[in-house]
Amino acid sequence: MSAILQAFKDQDLRRKILITLALMILYRVGAQIPTPGVDYGLIHSRLEEISQGDQATMFSIIGLFSGGALLQLSIFAIGIMPYITASIIVQLLTVVIPKFEELKKEGQSGQAKMTQYTRYLTVALALLQSAGIVALADREQLLGQGMPVLVEDRNVWTLIMMIIVMTSGAIIIMWLGEIITEKGVGNGMSLLIFAGIATKLPSEGAIIFQNSGGVALAVVIAAIIVLVVGIIFIEQGQRRIPVQYAKRVVGRRQYGRTATYLPLKVNQAGVIPVIFASSLMYVPVLITQIVNMNKPTPPDNWWMNHVMAWLQNPGSWQYIVAYFIMIIFFAYFYVSVQYDPVDQAENMKKYGGFIPDIRPGRPTAEYLGYVMNRLLVVGSLYLAVIAILPNLALDAGLAGSGRMGMSAFGGTAILIMVSVALTTVKQIESQLLQSNYEGLLR
Numbered sequence: 230m231s232a233i234l235q236a237f238k239d240q241d242l243r244r245k246i247l248i249t250l251a252l253m254i255l256y257r258v259g260a261q262i263p264t265p266g267v268d269y270g271l272i273h274s275r276l277e278e279i280s281q282g283d284q285a286t287m288f289s290i291i292g293l294f295s296g297g298a299l300l301q302l303s304i305f306a307i308g309i310m311p312y313i314t315a316s317i318i319v320q321l322l323t324v325v326i327p328k329f330e331e332l333k334k335e336g337q338s339g340q341a342k343m344t345q346y347t348r349y350l351t352v353a354l355a356l357l358q359s360a361g362i363v364a365l366a367d368r369e370q371l372l373g374q375g376m377p378v379l380v381e382d383r384n385v386w387t388l389i390m391m392i393i394v395m396t397s398g399a400i401i402i403m404w405l406g407e408i409i410t411e412k413g414v415g416n417g418m419s420l421l422i423f424a425g426i427a428t429k430l431p432s433e434g435a436i437i438f439q440n441s442g443g444v445a446l447a448v449v450i451a452a453i454i455v456l457v458v459g460i461i462f463i464e465q466g467q468r469r470i471p472v473q474y475a476k477r478v479v480g481r482r483q484y485g486r487t488a489t490y491l492p493l494k495v496n497q498a499g500v501i502p503v504i505f506a507s508s509l510m511y512v513p514v515l516i517t518q519i520v521n522m523n524k525p526t527p528p529d530n531w532w533m534n535h536v537m538a539w540l541q542n543p544g545s546w547q548y549i550v551a552y553f554i555m556i557i558f559f560a561y562f563y564v565s566v567q568y569d570p571v572d573q574a575e576n577m578k579k580y581g582g583f584i585p586d587i588r589p590g591r592p593t594a595e596y597l598g599y600v601m602n603r604l605l606v607v608g609s610l611y612l613a614v615i616a617i618l619p620n621l622a623l624d625a626g627l628a629g630s631g632r633m634g635m636s637a638f639g640g641t642a643i644l645i646m647v648s649v650a651l652t653t654v655k656q657i658e659s660q661l662l663q664s665n666y667e668g669l670l671r
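Quick note, in my numbering, the sequence shown goes up one by one and the last residue is 671.
As structure tokens, this is what we get:
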């Protein structure tokens with residue numbers, strides 16, 4: 230606690246922490262404000278029925294990233310998913326579009342342009358997603374077939390206003406995240422996700438206690454502690470490749486003849502593959518519901534009876550297998566986009582660095598790619614296993630009647646919270662070290 234108090238004694242760091250906390254509180258307040266035109270009382274009663282029932286819908290799982298704001302149709306209902314999706318798309322386009330690759334190499338000016346493109350794409354995705362959510366709510370299919378969640382005197386202008394309000398809410402969240410990143414502590418978007426998940430823990434813990442008793446809640450808490458220890462162990466794991474630099478003479482100064490190492494994380498992709506796979510599993514459900522919204526009864530065909538049946542049931546083995554494979558695929562794909570062994574080898578060669586017993590240039594790139602692929606086997610399997618733990622609990626019936634309470638206590642939620650917490654603490658630690666304090670990590 231004395232070390233934490235030292236962080237607040239530093240005036241600059243204290244200001245950053247207070248700004249971060251204030252904006253996170255503002256985000257949670259906005260998540261509770263209903264969008265005009267929504268029957269909030271009816272939504273609240275319906276959510277209580279779902280939480281006491283045996284349902285685990287796709288919307289409840291995706292709503293986890295918005296802290297429950299999606300199902301409440303608040304002004305921040307869309308959450309930060311459009312910005313995350315836009316960021317991933319822009320990063321992936323750097324491989325496909327040469328112009329984006331050039332911007333990436335331009336440094337700060339190029340990064341500013343890519344950020345601007347990300348913002349434009351975020352607005353488009355938020356508009357599309359808010360229109361789909363409002364359309365489902367208007368057709369009484371958001372919280373179940375035949376459940377009206379909008380006011381009775383709604384018209385076209387009311388629906389347009391709701392779409393504009395939700396889209397504006399997504400833009401405000403994007404702005405809050407960027408302000409936290411610029412003037413606060415840690416990554417703004419990650420901290421907003423952290424805040425949304427953390428605020429659901431008390432309510433969902435109470436649901437587990439009411440439905441299954443104190444013993445079940447104690448078992449869940451014990452399992453979470455074990456899970457947190459395992460996540461920290463893997464997240465901190467590195468493969469340190471030794472690197473030596475030859476002597477270089479620049480003018481009258483001599484550089485080199487140093488030995489260091491190149492750290493390669495076991496989980497190089499972070500939580501991006503899990504988030505991207507979750508979003509992709511949710512897209513077919515949303516599109517199908519929008520297409521069939523005007524039909525009085527769902528069509529009786531192979532798509533609805535088989536594909537949609539297991540896509541809407543996170544506890545089915547088909548869903549679990551597809552989710553598992555997609556996480557592994559996106560882990561490899563994302564790392565292949567973000568980490569280029571050829572560039573790494575060229576930079577080492579450029580500054581006179583080499584790996585012992587490995588020739589510079591192409592052999593070094595092949596060796597780095599070989600090591601990264603081996604690490605990805607462990608990292609991708611780790612992500613996939615952590616993510617499907619709550620789904621396996623649903624399939625085995627271990628969640629009981631509190632399935633809604635399992636989302637915030639699931640592997641994905643704990644993985645995100647622990648990863649964000651570790652990153653934020655490291656950033657605070659680095660700033661404390663700059664101020665000649667002992668820091669948070671001893």
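Even for Gly, the Cβ is constructed at its ideal location relative to N, Cα and C.
Same chain, Cβ closer than 8 Å to residue i, five either side skipped, listed in chain order
i      : result
Leu604 : Arg468, Leu493, Lys494, Val495 and Gln497
Leu610 : Ile557
Pro585 : Pro471 and Gln473
Ile408 : Ile248, Leu252 and Gly417
Gln656 : Val414 and Gly415
Val363 : Leu388, Met391, Ile392 and Met395
Residues bridged to residue i (per DSSP)
i      : result
Leu379 : Val267
Ala447 : According to DSSP, Ala447 bridges with nothing at all.
Pro471 : Tyr490
Ser565 : Paired residue(s): none; Ser565 is not in a bridge.
Gln582 : The question names Gln, but residue 582 in the sequence shown is Gly. Note: Gly582 sits in a beta bridge opposite Tyr474.
Ser303 : Pro263
Own chain residues within Cβ distance below 7 Å of residue i, not counting five before or after
i      : result
Ala445 : Ile437
Lys342 : Leu332
Ala560 : Ala498, Pro502, Leu605, Gly608, Ser609 and Leu612
Ala506 : Tyr552, Met555, Ile556 and Phe559
Length of the line joining the Cα atoms of residue i and residue j
i      : j      : result
Ala427 : Met646 : 8 Å
Glu331 : Lys578 : 22 Å
Lys334 : Arg348 : 20 Å
Lys245 : Leu255 : 15 Å
Gly308 : Gln358 : 10 Å
Gly398 : Ile389 : 14 Å
Ile549 : Thr487 : 49 Å
Ile453 : Lys429 : 15 Å
Ile504 : Val319 : 16 Å
Thr323 : Thr344 : 13 Å
Gly581 : Gly590 : 11 Å
Cβ-based neighbour list, residue i, same chain, cut-off 6 Å, excluding 5 preceding and 5 following
i      : result
Tyr596 : Ile587
Ala594 : Pro570, Val571 and Ala574
Gly406 : Gly417, Met418 and Leu421
Ile615 : Gly640 and Leu644
Classification of residue i by the beta-carbon crowding that lies within 10 angstroms, buried from 16 upward
i      : result
Asn576 : exposed
Asn530 : exposed
Ile392 : buried
Tyr563 : buried
Ser419 : buried
Gln301 : buried
Tyr264 : The question names Tyr, but residue 264 is Thr in the sequence shown. With 16 or more Cβ atoms within 10 Å of its Cβ, Thr264 is classed as buried.
Gly634 : Caution is warranted here: a pLDDT of 39 is assigned to Gly634, below 50, making its placement in the model unreliable, and no coordinate value can be reported.
Phe462 : exposed
Tyr552 : buried
Ile402 : buried
Integer Cβ distance of residue i from residue j, believed to fall under 8 Å
i      : j      : result
Gly259 : Ile304 : 6 Å
Thr314 : Ser508 : 6 Å
Val380 : Gly466 : That pair is no contact at about 53 Å.
Ile326 : Val457 : Actually they are not in contact, since the Cβ atoms of Ile326 and Val457 sit about 40 Å apart, beyond 8 Å.
8 Å Cβ cutoff, residue i in contact with chain C
i      : result
Tyr561 : The question asks about chain C, but that chain is absent: this structure has only one protein chain.
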